[in-house]
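Enquirer: Attaching a single structure in structure tokens format; questions to follow.
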Amino acid sequence: MDLSLLGVRSVNPGGGFRFCTACYNADVRRPLEVIAIGCLIGIAPAHADNIDFHATANGSVATTDNANGTPTGQAGRDADVFSDVRPGFIVTYNAPRMIHELLSEVDFLYHLASAKPSVTFRGSWKAYFVPSPRTEQTFDLEGSIGQLNNLDASASPADDPTLVRPLGRTDTKNAAASEAGTWVASEFSRLSQRGVVRYTTTDDNMFSVHTESFEVGGGISFDRQFRYNTLLLELGASFLRLERLDPMMVQMGDRLDRQLNPRAVVVWQHDYNQKWSSNFDGGVVYVNPLWTDPYNPTDDRKGAFFPVFGGLVAYTDVWGRATATARRQVTPNLFIAQNTVSDSLNITAAMPLTLFDKDARRRDPKVVGIGTVGVDRTQLIDPSTGGLEGRFFVARVDVGVGWSPRPGQTFGLRYEFQYQVGDQVAEMIVPSFFRNTFYFTFALRYPEEVQVRVPRRGNSVRSDRKDLSPIGAEPVIVDPTEFLNGGGGDR
Numbered sequence: 015m016d017l018s019l020l021g022v023r024s025v026n027p028g029g030g031f032r033f034c035t036a037c038y039n040a041d042v043r044r045p046l047e048v049i050a051i052g053c054l055i056g057i058a059p060a061h062a063d064n065i066d067f068h069a070t071a072n073g074s075v076a077t078t079d080n081a082n083g084t085p086t087g088q089a090g091r092d093a094d095v096f097s098d099v100r101p102g103f104i105v106t107y108n109a110p111r112m113i114h115e116l117l118s119e120v121d122f123l124y125h126l127a128s129a130k131p132s133v134t135f136r137g138s139w140k141a142y143f144v145p146s147p148r149t150e151q152t153f154d155l156e157g158s159i160g161q162l163n164n165l166d167a168s169a170s171p172a173d174d175p176t177l178v179r180p181l182g183r184t185d186t187k188n189a190a191a192s193e194a195g196t197w198v199a200s201e202f203s204r205l206s207q208r209g210v211v212r213y214t215t216t217d218d219n220m221f222s223v224h225t226e227s228f229e230v231g232g233g234i235s236f237d238r239q240f241r242y243n244t245l246l247l248e249l250g251a252s253f254l255r256l257e258r259l260d261p262m263m264v265q266m267g268d269r270l271d272r273q274l275n276p277r278a279v280v281v282w283q284h285d286y287n288q289k290w291s292s293n294f295d296g297g298v299v300y301v302n303p304l305w306t307d308p309y310n311p312t313d314d315r316k317g318a319f320f321p322v323f324g325g326l327v328a329y330t331d332v333w334g335r336a337t338a339t340a341r342r343q344v345t346p347n348l349f350i351a352q353n354t355v356s357d358s359l360n361i362t363a364a365m366p367l368t369l370f371d372k373d374a375r376r377r378d379p380k381v382v383g384i385g386t387v388g389v390d391r392t393q394l395i396d397p398s399t400g401g402l403e404g405r406f407f408v409a410r411v412d413v414g415v416g417w418s419p420r421p422g423q424t425f426g427l428r429y430e431f432q433y434q435v436g437d438q439v440a441e442m443i444v445p446s447f448f449r450n451t452f453y454f455t456f457a458l459r460y461p462e463e464v465q466v467r468v469p470r471r472g473n474s475v476r477s478d479r480k481d482l483s484p485i486g487a488e489p490v491i492v493d494p495t496e497f498l499n500g501g502g503g504d505r
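Position in the sequence shown (first residue = 1) + 14 = the numbering used here.
Below is the structure:
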């Protein structure tokens, strides 16, 4: 969106509006939400209302050495060639003080040796609102129904986290909704809140294992920004209902866990310069089991405190980013219906490859390298004792190169290595396996140009939040995932 059409404004702390010609000056430390509000409210009525439709086609052709997720040491480890095609559409609507984005796609995953493809339907709705000059609100609703498969055929290596998943082909249904709101209390302080609801079911037809997982949670936070630092305090809680039906006793039998888990976390963000920054956080989660498990009524369940902490070092440039993250967190794994403690180390990078693209403008890369290297130790929380039992070790290497000859067209090569192993207790839930997969990927969109997208408003790695884009302004940091999903650069 062209700033000259918007009449970019910033918000006066006293409540009025004034024109600002230096909104991106590095010395101006106003919150980006305030700038965003000015940009959005400044939209002229003649350019306010518009709706755009785009057809999309993403997919891949790949080969793997373990098509069925065969556990390590067992017979039946077969190589295979498969294809993944995901036709869909994007609808965007832009109006004063609001942006909407609707996405839908059908995923056809077809193995050469299979009689029929795995089919998954996905859809999502995102929205951004500016209720008043000092507040903003975002909503995100998504759902899917189909098959969960360890062959992650997404177009971007950064799309899939390093976590424990069931093997082979598992029927699943997923629904999730989240919202987040921010109130700019002053020039350097904000009050925020967020909420989330998630529901997941899985059906393993081979072993007749059914899981049903539900989570609802929320939190409030307050942050105070200084010249190069930001301090944030967050208080929150979540309620979990995790049920597993296991009539054949392949995963330690039937089980129903219900928990109310409060938490408190303190975060410190520091900017070293315009490109380098760091985040450190620490807190505690109390895992509090509720009521009696009807499948195991004699269990005496106990609560326990678990420390959570993490650190992140980030490099952000005009185009691309790189992060190294180490973290311990308490998080439910809805795919296996189990609350877990996860210790992880992940390195993610997305940068233009100027060796192959020396003449590209800084905001118009044609060749991009993107990758994730991660290891994770996941320990299962025993609700009966409050202790840890069963350990998974997961490793993942996923690297790719994307080439975008023009906006809305991206082609790429990708390599993925997955490794998952567990101890004796953990392997009763998910067996160990490993896999190597090579992909050729593509992402197409028509018409090519998307006039407006719902902005990324959370997960800033910088204290000054300059890795997030004001509404209507040219992006400070282009999202590499958008590039590999057919977004291309800003041309």
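Quick reminder that beta carbons are idealized off the backbone N, C-alpha and C, glycines included.
Check whether the Cβ atoms of Thr-455 and Arg-428 sit closer than 8 Å, and answer yes or no.
Expert: yes
Enquirer: With DSSP collapsed to three states, give me the class of Ala-328.
Expert: In the structure shown, Ala-328 adopts extended strand secondary structure according to DSSP, grouped into three states.
Enquirer: Suppose only complete runs of 4+ residues qualify. What are the alpha helix (DSSP H) ranges in the segment 214-251, listed by chain order?
Expert: none
Enquirer: Have a look at Val-411 and Arg-479 and give me their C-alpha separation to the nearest angstrom.
Expert: 29 Å
Enquirer: Taking DSSP as the reference, what is the three-state secondary structure of Tyr-309?
Expert: coil
Enquirer: Could you work out which residue in Gly-250, Ser-222, Val-301, Gln-283 is closest to Met-263 when comparing CA atoms only?
Expert: Ser-222
Enquirer: Can you grab the Cα-Cα spacing for the pair Trp-552 / Lys-316, in whole Å?
Expert: The requested residue 552 is not part of the displayed model; the chain covers only 15 to 505.
Enquirer: For Ser-146, count the other beta carbons within 10 Å of its own beta carbon; 16 or more makes it buried, fewer makes it exposed. Which is it?
Expert: With fewer than 16 other Cβ atoms within 10 Å, it is exposed.
Enquirer: Arg-420 bridges to which residues according to DSSP?
Expert: Gln-423
Enquirer: Check the DSSP bridge columns for Gly-317 and list the partner residues they point to.
Expert: The bridge partners DSSP lists for Gly-317 come to none.
Enquirer: Keeping to the same chain, check which residues put their C-beta closer than 7 Å to that of Phe-135; ignore five residues upstream and five downstream.
Expert: For Phe-135, where only same-chain residues beyond five positions count, the Cβ hits under 7 Å are Val-120, Ser-158, Ile-159, Gly-160.
Enquirer: Could you have a look at Ser-200 and say whether DSSP puts it in helix, strand or coil?
Expert: strand
Enquirer: From the DSSP output, in three-state form, read off Tyr-300 for me.
Expert: strand
Enquirer: Give the straight-line distance between the Cα atoms of Gly-302 and Thr-354, rounded to the nearest whole angstrom.
Expert: Contrary to the premise, residue 302 reads as Asn rather than Gly in this sequence. The alpha-carbon atoms of Asn-302 and Thr-354 are separated by roughly 13 Å.
Enquirer: Beta-carbon within less than 6 Å of Ala-194's beta-carbon, same chain only, minus the 5 sequence neighbours each way: which residues are those?
Expert: Thr-152, Arg-208
Enquirer: Considering only residues of the same chain and omitting the five flanking positions on each side of Arg-255, which have a CB-CB separation below 6 Å?
Expert: Phe-228, Arg-272
Enquirer: By Cβ distance below 7 Å, which residues in the same chain neighbour Leu-247 in space, the five residues on each side in sequence not counted?
Expert: Ser-235, Phe-236, Val-280
Enquirer: Which of helix, strand or coil does DSSP assign to Pro-45?
Expert: Note that Pro-45 scores 42 on pLDDT, short of 50, meaning its location in the model is unreliable and no value can be drawn from it.
Enquirer: Rounded to whole angstroms, what is the Cα-Cα separation between Phe-240 and Phe-202?
Expert: 7 Å
Enquirer: Beta-carbon within less than 6 Å of Arg-476's beta-carbon, same chain only, minus the 5 sequence neighbours each way: which residues are those?
Expert: Closer than 6 Å at the Cβ level, and outside the excluded window around Arg-476, lie Asp-285, Ser-291.
Enquirer: In chain order, what residues of the same chain lie with their CB nearer than 6 Å to the CB of His-114, ignoring the 5 residues before and after it?
Expert: Around His-114: Tyr-107, Ala-141.
Enquirer: Looking at the strands, I want to know which residues DSSP matches up with Gln-393.
Expert: Val-355, Arg-405
Enquirer: Could you check what DSSP says for Leu-274 in three-state terms: helix, strand or coil?
Expert: Here Leu-274 sits in strand by DSSP.
Enquirer: Would DSSP call Glu-462 helix, strand or coil?
Expert: coil
Enquirer: Let's see if you can read the secondary structure: which residues bound the beta strand (DSSP E) around Asn-347?
Expert: 335-347
Enquirer: Taking the C-alpha atoms as reference points, what is the distance between Ser-138 and Val-144?
Expert: 21 Å
Enquirer: Use the C-beta contact count for Arg-335: other C-beta atoms within 10 angstroms, 16 or more gives buried, fewer gives exposed.
Expert: buried
Enquirer: Please list the terminal residues of the continuous beta strand (DSSP E) segment that includes Gly-102.
Expert: 94-109
Enquirer: For the beta strand (DSSP E) containing Arg-91, name the first residue and the last one.
Expert: No beta strand (DSSP E) holds Arg-91; DSSP gives it neither H nor E.
Enquirer: Are there 16 or more other CB atoms within 10 angstroms of the CB of Ser-200, so buried, or fewer, so exposed?
Expert: exposed
Enquirer: Do Ala-338 and Val-327 have their beta-carbon atoms positioned less than 8 Å apart in this structure?
Expert: yes
Enquirer: Relative to the C-alpha of Gly-422, which candidate in Val-435, Arg-342, Leu-458 has its C-alpha closest?
Expert: Comparing Cα-Cα distances from Gly-422 to each of Val-435, Arg-342, Leu-458, the minimum goes to Leu-458.
Enquirer: Do you know offhand how far Phe-67's Cα is from Glu-257's?
Expert: 40 Å
Enquirer: How would you label Thr-312, buried or exposed, when you count the other beta carbons within 10 angstroms and need 16 or more for buried?
Expert: exposed
Enquirer: Using only the alpha-carbon positions, how far apart do Arg-269 and Thr-214 sit?
Expert: CA-to-CA, the gap between Arg-269 and Thr-214 works out to about 16 Å.
Enquirer: Residues in the same chain with beta-carbon distance under 6 Å from Asp-260, minus the five sequence neighbours each way, listed in chain order, please.
Expert: Val-223, Gly-267, Asp-268
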